[in-house]
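Here the structure is laid out as structure tokens; the discussion comes afterwards.
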Amino acid sequence: EAGVAQSPRYKIIEKRQSVAFWCNPISGHATLYWYQQILGQGPKLLIQFQNNGVVDDSQLPKDRFSAERLKGVDSTLKIQPAKLEDSAVYLCASSGRGGRNTGELFFGEGSRLTVL
Amino acid sequence: AQKITQTQPGMFVQEKEAVTLDCTYDTSDPSYGLFWYKQPSSGEMIFLIYQGSYDQQNATEGRYSLNFQKARKSANLVISASQLGDSAMYFCAMREDYSGGGADGLTFGKGTHLIIQP
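Chains A and B, in that order, are what the protein sequence lines are.
As numbered in this note's numbering, the first sequence has no gaps in its residue numbers, which increase by one up to the final residue, 130.
As numbered in this note's numbering, the second sequence has no gaps in its residue numbers, which increase by one up to the final residue, 445.
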């Protein structure tokens with residue numbers, strides 16, 4: 015079974031530029047999450063999708079961040095314009111509430127953003 | 328107040344020794360889940376173990392066990408017979424089941440950097 019795919023793995027941009035990250039969850043997983051992990055900290059939830067609807071975006075800085083999951087499968091997270099403090103790893107995760115019924119999240123390898 | 332507190336920023340442990348990583352949590356939900364994830368230097372988050380708030384027994388997965396003390400709101404991870412490959416960041420996380428609207432994202436602690444020495 016293929017895992018959560020993310021791209022690009024690395025991105026370096028100047029402040030005020032824009033950037034987009036792509037995520038393809040595990041096949042059949044209805045729930046998709048975007049997390050931001052700043053160096054030395056734990057991941058922080060930005061947004062949760064259930065199919066193509068937003069369930070929780072309370073911690074998403076909506077003045078500069080946007081995310082969509084138009085067909086309920088893959089998702090894009092965009093930052094425009096980027097600030098220095100947006101330098102972080104952006105992790106995508108999916109959950110299918112499978113047989114274990116733990117709600118375990120499966121994470122991708124992350125997209126590392128450096129804003130100069 | 329922080330929902331997940333990990334008080335050990337870093338730990339050094341001798342190979343083959345057991346190690347306990349501390350985690351305390353704060354919630355008023357009666358139903359919740361507690362998770363531990365491992366993050367090696369490569370960056371991926373690897374699920375280790377899960378404990379539900381209503382589970383009567385402590386969870387175990389191979390060399391990992393979770394010391395769940397509900398009254399103390401504590402969910403410490405115990406790794407038996409540590410190996411060099413256990414060196415990584417370890418994160419405790421919680422899912423609150425009654426957040427409302429179906430929101431069930433995990434809240435993570437700041438992590439503990441574990442280094443296993445030969």
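Beta carbons: idealized from backbone N, C-alpha and C, even for Gly.
Just checking: is the beta-carbon of A:Gln-133 within a distance shorter than 8 Å of some beta-carbon in chain B? Residue 133 of chain A lies beyond the residue range present for chain A, which begins at 15 and ends at 130; the question has no answer from this structure.
So A:Cys-37 and A:Gln-20 are in contact, right, with Cβ under 8 Å, and what is the actual spacing, rounded? 5 Å
When you compare the CB of B:Arg-399 with every CB in chain A, is at least one pair closer than 8 Å? no
What are the residues of the segment 41-52 of chain A that lie near chain B, defined by any Cβ-Cβ distance shorter than 7 Å? Tyr-47
Closer than 9 Å at the beta carbon, the chain A residues around B:Phe-374: What B:Phe-374 touches in chain A: Thr-116, Glu-118, Leu-119, Phe-120, Phe-121.
Is there a Cβ from chain A that is less than 8 Å from the Cβ of B:Phe-435? It does: the Cβ of B:Phe-435 has a partner Cβ on chain A nearer than 8 Å.
Taking only heavy atoms of the ligand NAP into account, decide whether any of them is closer than 7 Å to the Cβ of B:Phe-435. Among the components modelled here there is no ligand, and therefore nothing to report on the ligand NAP.
When the Cα of B:Gly-360 is compared with those of B:Asp-431, B:Ser-392, B:Gln-444, B:Thr-439, which residue comes out closest? B:Asp-431
For B:Arg-429 and chain A, any beta-carbon pair shorter than 8 Å? One detail in the question is off: residue 429 of chain B reads as Gly in this sequence, not Arg. Yes, B:Gly-429 counts as interfacial toward chain A.
Reducing DSSP to helix, strand and coil, say where A:Leu-98 ends up. helix
Spell out whether any CB of chain B is found under 8 Å from the CB atom of A:Val-69. yes
Using beta carbons (cut-off 8 Å, strictly below), is B:Phe-418 in contact with chain A? yes
For A:Arg-109 and B:Met-372, what's the separation of their Cα atoms in angstroms? Reading off the sequence, residue 109 of chain A comes out as Ser, not Arg. Cα to Cα, the separation comes out at about 14 Å.
How big is the Cα-Cα spacing for A:Phe-120 and A:Gln-31? 30 Å
Which whole-angstrom value describes the C-beta separation of B:Phe-374 and A:Pro-57, a residue pair presumed to lie in contact below a C-beta threshold of 8 Å? Cβ atoms of B:Phe-374 and A:Pro-57 stay farther apart than 8 Å, at about 13 Å.
Does DSSP classify A:Asp-77 as helix, strand or coil? coil
Report the CB separation of B:Leu-411 from B:Ile-376 in whole angstroms; it is logged as a contact under 8 Å. That pair is no contact at about 20 Å.
Relative to the C-alpha of A:Leu-74, which candidate in A:Thr-128, A:Tyr-47, A:Thr-116, A:Ala-16 has its C-alpha closest? A:Tyr-47
Between the alpha carbons of A:Ile-93 and A:Glu-99, how many angstroms are there, rounded? 12 Å
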